[in-house]
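Colleague:
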Amino acid sequence: MAKLTISDLDVKGKKVLVRVDFNVPIQNGVINDDNRIVAALPTIKYIIEHGGKAILLSHLGRIKSEEDKKELSLRPVAERLSELLKQDVAFVPVNEGQELEDAIAKMQAGDVLVMENTRFQDIDNDFGKRESGNDPKLGEYWASLGDMFVNDAFGTAHRSHASNVGIATAMEAEGKPVAAGFLIEKEIKFLGNAVDNPEHPFITILGGAKVSDKIGVITNLIPKSDHILIGGGMAYTFMAAMGQNIGTSLFEADKVDLAKKLLDEAGDKLVLPVDTVVTKKFDKDAPARVASGDIQDDEMGMDIGPKTIELFKNTLKGAKTVVWNGPMGVFEMPRFAKGTLEIGRSLAALPDAITIVGGGDSTSAVKQLGIAPKLSHISTGGGASLRYLEGKPLPGIECISDK
Ligand code: AMP
12 MAKLTISDLD
22 VKGKKVLVRV
32 DFNVPIQNGV
42 INDDNRIVAA
52 LPTIKYIIEH
62 GGKAILLSHL
72 GRIKSEEDKK
82 ELSLRPVAER
92 LSELLKQDVA
102 FVPVNEGQEL
112 EDAIAKMQAG
122 DVLVMENTRF
132 QDIDNDFGKR
142 ESGNDPKLGE
152 YWASLGDMFV
162 NDAFGTAHRS
172 HASNVGIATA
182 MEAEGKPVAA
192 GFLIEKEIKF
202 LGNAVDNPEH
212 PFITILGGAK
222 VSDKIGVITN
232 LIPKSDHILI
242 GGGMAYTFMA
252 AMGQNIGTSL
262 FEADKVDLAK
272 KLLDEAGDKL
282 VLPVDTVVTK
292 KFDKDAPARV
302 ASGDIQDDEM
312 GMDIGPKTIE
322 LFKNTLKGAK
332 TVVWNGPMGV
342 FEMPRFAKGT
352 LEIGRSLAAL
362 PDAITIVGGG
372 DSTSAVKQLG
382 IAPKLSHIST
392 GGGASLRYLE
402 GKPLPGIECI
412 SDK
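First residue of the sequence shown: 12, per my numbering; consecutive thereafter.
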C-alpha cells in the first residue's frame, strides 16, 4: 500500500509538525557538516511556499546528563537553517510548555520554528527516557501542537520514539493526516524497489567489519539478488568456513557454521575475494603484500586484492540494480582503501543501473571520490537502511498513513 506523502497534503494555513533529522556533528556550538540540514530543506520549503507553518522537531546526540544539554542544543542548527532558508527561524529553548505554545500561537503562514532537542526529554522526569522510550503522553502532547504530521527523519525510522511513532499514533487516533516528507519518500522509492521489485541483474555488495551485522541482509537478499559480493572484514569468516587459512584477520568463530550454511544455500550467488592485501600489523604504514590463498599465520587481511577488484567489476557489468553497504577494507588507511574506492568508481561508471549506497563508510568513500551525483540514491540512514534491506518493517515508516 502506498504511503501518504507531503505532496498529498493541503498545508495552507496549517500548523505542520515535521520530524526532521538534524542530528549533525557539532562541537562547541560549531556545526562541522550541515548535510542533514540541507537534506531537510525540500520538505521545509514545500511547507512555507504553500503557506503552511513549519514546526520542526529533531533529536541531536544522546542526552544522559545536564552537562550534555549544554553541548547538544539545537540553537546553532536553527541559526544555520535560517541562513540556508534566508529567512528568520524562531528557536524555542524548550520543547514543552507555555513558552513553546505561545511561540506556535504567534506563527504566521510561511514561518518556521525549531523547538529544542527532543532528547532533552530523556532525563529529569518520572517516565525515564520519555522521547527514546516513546512515552505516549509525550507523543500526544506534541501531536496536540499541530494539525498534521510529516515524518522526514529516515535516520531514526528504525526506532519507535515519541517524536515519530508517538506523534503519528496520536495524530491518527484524532483522524489527522500523517505523511512522509520528501526524504523518506525517496528512501521508500529506492530501497523499497530494490528489495521488493528490483530490475535484474540485481547485485548486492556487502562489506564492513562483521558478518553478524549483515546476516539479516544476506539472508533476505540471497533469493532476490543475482549475486552478492562480499568484501571487508566480514569476508574472512566466510573464507575460514571454506577451509582457507585467514591468519589473524577479523573472524567471528561463532558465525562459521552459519557462513557454511549461507554458502551452501547461495551456491555461486555469493562471490568471495580471491586475493587480499595482507599485513602483519594493523597500522597505516605497515608493509603490505597481496596474498592469493596463501595468507600466513601472522598476517591479516586489510583490503580486497587486484584480482578480486577485477572479479567484482566483471560481475557488476550489465547490472541494472546495485545496492552497496560497507567498505571493502580498512579504507580509513589510504594504503588499504583501494578496493573500496575502486568499487565506488565502478558503480559510478555503470551506464544505466539504479545504484544505491547505504552506511556511513561507503557514503564517505562516495564523497571522497566526488561521485555522489552519478549514483541514484545515497541513503541517509545507516541502521534504518540495513533494517530495510533485511526486509523488516520500520516503525517510523509503518506509522505513516496509507493513501
Ligand atoms: P561496518 O560499520 O560494519 O560497515 O564496518 C566498517 C569498518 O569495517 C570500517 O571501520 C573498516 O575499517 C572496517 N573493516 C573493513 N575491512 C576490514 C578488514 N579487512 N579488517 C578490519 N577491519 C575492516
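Don't be surprised by glycine CBs; every beta carbon is placed ideally from N, CA and C.
Are there any heavy atoms of the ligand AMP lying less than 6 angstroms away from the beta-carbon of Val289, as far as the coordinates show?
Modeller: No, since every heavy atom of the ligand AMP falls outside the 6 angstroms radius drawn around the Cβ of Val289.
Colleague: Using a Cβ-Cβ cut-off of 7 angstroms (strictly less than) and excluding sequence neighbours within five positions of Leu405, which residues of its own chain qualify?
Modeller: Cβ neighbours of Leu405 beyond the five flanking positions: Ala168, His169, Ala395, Arg398, Tyr399.
Colleague: According to DSSP, Trp335 sits in a beta bridge with which residue or residues?
Modeller: Per DSSP, Ile216, Val368.
Colleague: Ends of the beta strand (DSSP E) at Arg300?
Modeller: Here the beta strand (DSSP E) through Arg300 covers 299-302.
Colleague: Ignoring anything shorter than 4 residues, give me the alpha helix (DSSP H) runs that lie fully in the region 67-95, in order along the chain.
Modeller: You should have 77-82.
Colleague: Using a threshold of 7 angstroms, state whether the C-beta atoms of Thr16 and Glu198 are closer than that.
Modeller: In this structure, Glu198 does not lie closer than 7 angstroms to Thr16 by Cβ.
Colleague: Classify Gln132: buried if its beta carbon has 16 or more other beta carbons within 10 angstroms, exposed otherwise.
Modeller: Burial call: buried.
Colleague: Using only CA atoms, which one of Asp286, Leu20, Met311, Val88 lies nearest to Tyr57?
Modeller: Out of Asp286, Leu20, Met311, Val88, Leu20 has the C-alpha closest to the C-alpha of Tyr57.
Colleague: Suppose the cutoff is 8 angstroms on Cβ atoms and the five residues either side in sequence are ignored; what does the same chain contact list for Ile306 look like?
Modeller: Gln255, Asn256, Ile257, Gly258, Ser260, Thr287, Val289, Gly312, listed in sequence order.
Colleague: Out of Asp79, Arg356, Met126, Asp265, which has the shortest C-alpha to C-alpha gap to Leu85?
Modeller: Of the listed residues, the one whose Cα sits closest to Leu85 is Met126.
Colleague: Buried or exposed, going by whether 16 or more other CB atoms sit within 10 Å of the CB of Lys200?
Modeller: Per the 10 Å Cβ criterion, exposed.
Colleague: Going by C-alpha distance, which of Val123, Met159, Ser387 is nearest Asp363?
Modeller: For the residues Val123, Met159, Ser387, the minimum Cα distance to Asp363 belongs to Ser387.
Colleague: How is Ile233 classed by DSSP in three states: helix, strand or coil?
Modeller: Ile233 falls in the coil class under three-state DSSP.
Colleague: Which full runs of the beta strand (DSSP E) of 3+ residues lie inside the region 311-357, going along the chain?
Modeller: Segments of the beta strand (DSSP E) lying fully in the region 311-357: 311-315, 332-336.
Colleague: Around the C-beta of Ser236, are 16 or more other C-beta atoms found within 10 angstroms, so that it is buried, or is it exposed?
Modeller: Buried, by the Cβ-count rule.
Colleague: Is it right to say Phe293 is buried, meaning 16 or more other beta carbons lie within 10 angstroms of its own, or is it exposed?
Modeller: Phe293 is exposed by the Cβ-count criterion.
Colleague: List, from N- to C-terminal side, the beta strand (DSSP E) runs of 3 residues or more that fit wholly inside the region 121-180.
Modeller: Correct list: 123-126, 159-162.
Colleague: Taking 6 angstroms as the cut-off, does the CB of Met159 come closer than this to any heavy atom belonging to the ligand AMP?
Modeller: Met159 Cβ: outside cutoff for every heavy atom of the ligand AMP.
Colleague: Since Lys197 is in the alpha helix (DSSP H), which residue starts that stretch and which ends it?
Modeller: Note, Lys197: alpha helix (DSSP H), 193-207.
Colleague: Helix, strand or coil for Val377, going by three-state DSSP, please let me know.
Modeller: In the structure shown, Val377 sits in a helix (DSSP, three-state: H, G or I).
Colleague: Under a three-way DSSP split, which group does Leu261 fall into?
Modeller: Three-state result, Leu261: coil.
Colleague: Just how far apart, CA to CA, sit Leu273 and Met159?
Modeller: Cα to Cα, the separation comes out at about 45 angstroms.
Colleague: Roughly how far, in whole angstroms, is the beta-carbon of Ser69 from the beta-carbon of Asp32, given that I think they are within contact range, below 8 angstroms?
Modeller: Their Cβ separation, rounded to whole angstroms, is 6 angstroms, which keeps Ser69 and Asp32 in contact under 8 angstroms.
Colleague: Where does Phe33 sit, in a helix, a strand or coil, going by DSSP?
Modeller: Looking at Phe33 - three-state DSSP - the assignment turns out to be coil, as it is neither helix nor strand.
Colleague: Run the CB neighbour count on Asn43, radius 10 Å, all protein chains shown included, and call it buried at 16 or more, exposed below.
Modeller: So Asn43 counts as exposed.
Colleague: Only counting the same chain, and skipping five residues up and downstream in sequence, which positions put a Cβ closer than 7 angstroms to that of Leu149?
Modeller: Gln132, Arg141, Glu142, Ala173, Gly177.
Colleague: Is the beta carbon of Pro284 sitting closer than 7 angstroms to the one on Ile315?
Modeller: Yes, the Cβ-Cβ distance between Pro284 and Ile315 is below 7 angstroms.
Colleague: What does DSSP give as the partner residue(s) for Thr290 in the beta ladder?
Modeller: Per DSSP, Ala299, Met311.
Colleague: Buried or exposed for Val103, going by 16 or more other Cβ atoms inside 10 Å?
Modeller: Val103 should be labelled buried.
Colleague: Do you know how far the Cα of Leu217 is from the Cα of Glu310?
Modeller: When rounded, the distance between both Cα atoms is 23 angstroms.
Colleague: Any idea what DSSP makes of Val27, helix, strand or coil?
Modeller: Correct three-state label for Val27: strand.
Colleague: Out of curiosity, what's the CA-to-CA distance linking Lys349 and Glu343?
Modeller: Taking the straight line joining both Cα atoms gives about 10 angstroms.
Colleague: Helix, strand or coil for Ala360? Go by DSSP, reduced to three states.
Modeller: Ala360 falls in the coil class under three-state DSSP.
Colleague: Quick check on Ser423: buried or exposed, where buried means 16 or more other Cβ atoms within 10 Å of its Cβ?
Modeller: A question about residue 423 goes unanswered here, because the residues of the chain that appear run from 12 up to 414.
Colleague: Just confirm the distance between the C-beta atoms of Asn162 and Gly407, as a whole number of angstroms; I'd bet it's less than 8 angstroms.
Modeller: Correct: roughly 6 angstroms between the Cβ atoms.
Colleague: Quick check on the DSSP output: the alpha helix (DSSP H) that includes Ile408 runs from which residue to which?
Modeller: It spans 406-409 - the alpha helix (DSSP H) in which Ile408 sits, taken as one unbroken run.
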